[in-house]
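Following: one structure in structure tokens, then a few remarks.
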Amino acid sequence: GIDPLTGEGISGKILGRAGKVTGRNKNCYNVIFDNTGWTGWYALNTLKDLSPLPEGKESIILYSDATVTAAKEAEIKSWSDNEVFVRVPNDGQRTISVRWVITEKAVNNGQSTVKARLVARGFEEDTSTLQKDSPTCSKESIRILVALASSKKWLCHTVDVKSAYLQGDPIERKVYLKPPKDFDDDTLWLLKKTVYGLCDAARAWYSRMVKALQELGGLQCSLDMSMFYWRQDGHLDGMLCLHVDDILYCGSQNFNDTIITSLQKQFRVGSSAEASFTYLGVDFKSYTDGITVDQTQYISSISPSPITMARQSNKDSCLSVKEIADFRSLVGQLNWVATQTRPDVAFDTCELGFQYLKQ
Numbered sequence: 001g002i003d004p005l006t007g008e009g010i011s012g013k014i015l016g017r018a019g020k021v022t023g024r025n026k027n028c029y030n031v032i033f034d035n036t037g038w039t040g041w042y043a044l045n046t047l048k049d050l051s052p053l054p055e056g057k058e059s060i061i062l063y064s065d066a067t068v069t070a071a072k073e074a075e076i077k078s079w080s081d082n083e084v085f086v087r088v089p090n091d092g093q094r095t096i097s098v099r100w101v102i103t104e105k106a107v108n109n110g111q112s113t114v115k116a117r118l119v120a121r122g123f124e125e126d127t128s129t130l131q132k133d134s135p136t137c138s139k140e141s142i143r144i145l146v147a148l149a150s151s152k153k154w155l156c157h158t159v160d161v162k163s164a165y166l167q168g169d170p171i172e173r174k175v176y177l178k179p180p181k182d183f184d185d186d187t188l189w190l191l192k193k194t195v196y197g198l199c200d201a202a203r204a205w206y207s208r209m210v211k212a213l214q215e216l217g218g219l220q221c222s223l224d225m226s227m228f229y230w231r232q233d234g235h236l237d238g239m240l241c242l243h244v245d246d247i248l249y250c251g252s253q254n255f256n257d258t259i260i261t262s263l264q265k266q267f268r269v270g271s272s273a274e275a276s277f278t279y280l281g282v283d284f285k286s287y288t289d290g291i292t293v294d295q296t297q298y299i300s301s302i303s304p305s306p307i308t309m310a311r312q313s314n315k316d317s318c319l320s321v322k323e324i325a326d327f328r329s330l331v332g333q334l335n336w337v338a339t340q341t342r343p344d345v346a347f348d349t350c351e352l353g354f355q356y357l358k359q
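Anchor point for the sequence shown: position 30 equals 30 in UniProt numbering, and the numbering is continuous, going up by one each time.
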């Protein structure tokens with residue numbers, strides 16, 4: 001289409017909706033633009049002469065074929081190890097298609113690894129009768145856990161569960177997946193568990209974890225359904241916060257030896273850390289006299305948006321599409337910091353957001 005602000009032709013690929021179908025932002029989509037490569041929100045109804053481009057092959061290869069193939073095989077092995085599906089004859093059953101999502105994941109040594117995730121297109125099934133909610137711990141609960149850990153001289157620990165959704169409760173309805181082309185053998189996959197992409201996958205995982213924690217004697221907080229605590233002889237013995245597959249906990253040596261050890265035997269866990277670590281984008285560090293919580297690493301990663309001298313001299317002109325995307329991204333990052341660890345910048349962040357609305 002034609003950008004009405006610059007008069008230039010632009011093209012890109014729609015990644016998904018940026019607003020509700022029936023809301024005021026019904027014409028807004030998340031788009032990756034061909035000419036710049038940046039991804040952002042865009043109102044397509046503002047474009048002139050909007051038309052689709054002919055489909056073709058992707059022109060950019062981000063990872064080598066061998067690397068991607070190995071990552072895909074590892075994902076299928078994970079599905080097999082967790083007994084996610086059984087192969088059944090294709091007798092014309094109604095199926096849900098799947099797609100691969102290839103991402104780059106950072107590892108502890110500062111390097112990165114390619115990860116392939118097989119995702120079901122859950123929007124292809126009727127979800128009107130399914131329970132989809134899946135609670136996660138609040139920042140207030142995390143602060144309570146850290147404060148009590150500090151007062152009791154407990155170390156805080158974090159651990160993540162590997163392929164958590166594949167370790168959730170068994171699925172209670174029949175869902176048939178059409179295998180990806182890489183592994184298609186003319187059969188269908190009948191799911192035994194909920195998988196990535198299904199609307200109730202997070203709920204199934206949450207339900208499984210809650211049952212496990214309660215069987216281990218955990219008491220669910222009445223104000224936060226993802227916070228649990230244990231008592232021993234009338235005294236607090238341990239606490240745990242759950243945010244999807246990321247677990248934060250603290251407790252006595254007895255709590256670590258019994259509850260946490262039992263939990264790690266029930267679930268396949270990945271990386272773990274204690275004393276000093278990052279949890280949900282927040283840095284925790286333990287000292288002899290307390291625990292500090294900050295976002296120093298995250299703040300240092302926020303990149304400035306450079307402005308040319310010519311642009312500075314033209315302050316009254318409207319923001320371009322890229323400038324709007326950069327501005328929204330920056331405000332979002334600052335708002336995350338303001339609500340987590342830096343309330344002192346909350347007013348300035350709010351003012352920046354107001355300036356964007358004036359555009």
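Backbone N, C-alpha and C fix where the C-beta goes; we use that ideal spot for every residue, glycine too.
Distance, Ser-207 Cα to Asp-169 Cα: In the sequence shown, the residue the question calls residue 169 occupies position 169. In the sequence shown, the residue the question calls residue 207 occupies position 207. Distance between the alpha carbons of Asp-169 and Ser-207: 7 Å.
Bridge partner(s) assigned by DSSP for Pro-89: As a first step, residue 89 must be located in the sequence shown, where it is residue number 89. According to DSSP, Pro-89 bridges with Thr-187.
Val-84 - DSSP class collapsed to helix/strand/coil: In the sequence shown, residue 84 corresponds to position 84, counting from 1. Reduced to three states, the DSSP call for Val-84 is coil.
8 Å Cβ cutoff met for Thr-292 and Lys-285: Counted from its first residue, the sequence shown places residue 292 at position 292. Counted from its first residue, the sequence shown places residue 285 at position 285. One thing to note: Thr-292 has its Cβ within 8 Å of the Cβ of Lys-285.
Alpha carbon of Ser-59 to alpha carbon of Ser-305, nearest angstrom: Within the sequence shown, numbered from 1, the residue matching residue 59 stands at position 59. Within the sequence shown, numbered from 1, the residue matching residue 305 stands at position 305. In this prediction, Ser-59 scores a pLDDT of 34, lower than 50, which makes its location untrustworthy; no coordinate-derived value is stated.
Asp-200 Cβ short of 7 Å to the ligand PLP heavy atom set: Of ligands this structure carries none, so the ligand PLP is not represented either.
Sequence-distant residues of the same chain with beta carbon closer than 8 Å to Asn-45, five excluded per side: Here residue 45 refers to the residue found at position 45 when the sequence shown is read from its first residue. So the list reads Asn-27, once near-sequence residues are dropped.
Bridge partner(s) assigned by DSSP for residue 378: Because the chain is modelled from 1 through 359, residue 378 falls outside the range shown and cannot be assessed.
Paired residues, beta bridge with Ala-71 - DSSP: For this step, residue 71 is matched to residue 71 along the sequence shown. DSSP, once it has assigned bridges, lists no residue as partnering Ala-71.
Beta-carbon proximity check, Leu-191 vs Phe-123, cutoff 8 Å: On the sequence shown, residue 191 is found 191 positions in, with the first residue counted as 1. On the sequence shown, residue 123 is found 123 positions in, with the first residue counted as 1. In this structure, Phe-123 does not lie closer than 8 Å to Leu-191 by Cβ.
Where Arg-342 sits in the DSSP three-state scheme: Here residue 342 refers to the residue found at position 342 when the sequence shown is read from its first residue. Here Arg-342 carries a coil assignment [DSSP, helix/strand/coil].
Pair within 8 Å by beta-carbon distance, Lys-178 and Thr-95: Position 178 of the sequence shown, counted from the first residue, corresponds to residue 178. Position 95 of the sequence shown, counted from the first residue, corresponds to residue 95. Yes, the pair counts as a contact, with Cβ atoms nearer than the cut-off.
Spatial distance of Val-337 from Leu-166 (CA atoms): Sequence index remark: in the sequence shown, residue 337 carries index 337 (1-based). Sequence index remark: in the sequence shown, residue 166 carries index 166 (1-based). Each residue's Cα considered, the two are about 32 Å apart.
Where Ile-260 falls, given that 16 or more other Cβ within 10 Å makes a residue buried: Against the sequence shown, residue 260 aligns to sequence position 260. Ile-260 should be labelled buried.
Top-ranked residue by Cα proximity to Arg-328, from Cys-350, Trp-79 and Ser-317: In the sequence shown, residue 328 corresponds to position 328, counting from 1. Here the closest residue by C-alpha is Cys-350.
Local conformation of Arg-121 per DSSP, three classes: One-based indexing of the sequence shown puts residue 121 at position 121. Annotated three-state conformation of Arg-121 is coil, per DSSP.
Ile-61 versus Thr-103 - alpha carbon distance: By one-based count along the sequence shown, residue 61 stands at place 61. By one-based count along the sequence shown, residue 103 stands at place 103. Its pLDDT being 41, under 50, Ile-61 is placed unreliably in this model, and the coordinates cannot settle the point.
Per-residue burial, Cys-318 [other beta carbons within 10 Å of its own, 16 or more giving buried]: As a first step, residue 318 is located in the sequence shown; it is residue number 318 there, counting from the start. Classification for Cys-318: exposed.
Beta strand (DSSP E) segment containing Ile-142, residue limits: Indexing the sequence shown from 1 puts residue 142 at position 142. Here Ile-142 belongs to no beta strand (DSSP E); instead the alpha helix (DSSP H) covers 139 to 151.
Val-269 - partner residues in DSSP beta bridges: Translated into positions along the sequence shown, residue 269 becomes position 269. Bridge partners of Val-269: Val-161.
Runs of beta strand (DSSP E) wholly within the segment 206 to 246 (minimum 3 residues, chain order): 227 to 232 and 235 to 243
Cα-Cα separation, Gly-332 to Val-159: Residue 332 sits at position 332 when you count from the first residue of the sequence shown. Residue 159 sits at position 159 when you count from the first residue of the sequence shown. Approximately 27 Å between the Cα atoms of the pair.
Sub-8 Å separation of Val-175 and Glu-125 beta-carbons: Your numbering for residue 175 matches position 175 in the sequence shown. Your numbering for residue 125 matches position 125 in the sequence shown. Cβ distance < 8 Å, so Val-175 and Glu-125 count as in contact.
Three-state secondary structure (DSSP) of Arg-99: The count along the sequence shown starts at 1 and reaches residue 99 at position 99. Looking at Arg-99 - three-state DSSP - the assignment turns out to be strand.
Simplified DSSP state of Lys-105, which is helix, strand or coil: Along the sequence shown, one-based indexing puts residue 105 at 105. Of the three classes helix, strand and coil, the one that applies to Lys-105 here is strand, per DSSP.
Per-residue DSSP class, three states only, for Val-321: Residue numbering aside, residue 321 sits at position 321 when the sequence shown is read from its first letter. Note: Val-321 maps to helix in three-state DSSP.
Opening and closing residue of the alpha helix (DSSP H) in which Arg-311 lies: By one-based count along the sequence shown, residue 311 stands at place 311. Residues 309 to 312.
Three-state class that DSSP yields for Thr-46 in the structure shown: For the purposes of this step, residue 46 is taken as residue 46 along the sequence shown, with counting starting at 1. Note: Thr-46 maps to helix in three-state DSSP.
C-beta atoms of Gln-312 and Gln-340 nearer than 8 Å: Taking the first residue of the sequence shown as 1, we reach residue 312 at position 312. Taking the first residue of the sequence shown as 1, we reach residue 340 at position 340. Not a contact, by the Cβ cut-off of 8 Å.
Between the CA atoms of Leu-334 and Leu-223 - distance to the nearest angstrom: Taking the first residue of the sequence shown as position 1, residue 223 is located at position 223. Taking the first residue of the sequence shown as position 1, residue 334 is located at position 334. Roughly 28 Å separates the two Cα atoms.
Where Gly-12 falls: helix, strand or coil (DSSP): The sequence position of residue 12 within the sequence shown is 12, counting from 1. Strand, per DSSP.
8 Å Cβ cutoff met for Ser-11 and Ser-78: Mapped onto the sequence shown, residue 11 falls at position 11. Mapped onto the sequence shown, residue 78 falls at position 78. Taking 8 Å as the Cβ cut-off, Ser-11 and Ser-78 do not qualify as a contacting pair.
Neighbour-count burial assignment, Glu-73, 16 or more Cβ in a 10 Å radius: As a working note, residue 73 is residue 73 in the sequence shown. So Glu-73 ends up on the exposed side.
Status (buried if at least 16 other CB within 10 Å, exposed otherwise) for Arg-203: Locating residue 203 in the sequence shown gives position 203, where the first residue counts as 1. Its Cβ being crowded by 16 or more others within 10 Å, Arg-203 is buried.
Buried/exposed call for residue 361, threshold 16 Cβ in 10 Å: With the chain running from 1 to 359 in the structure shown, residue 361 is simply not present.
Rounded Cβ spacing between Thr-69 and Val-244 (contact assumed at less than 8 Å): Position 69 of the sequence shown, counting from 1, holds the residue named residue 69. Position 244 of the sequence shown, counting from 1, holds the residue named residue 244. That belief does not hold up - the Cβ atoms of Thr-69 and Val-244 are roughly 28 Å apart, past 8 Å.
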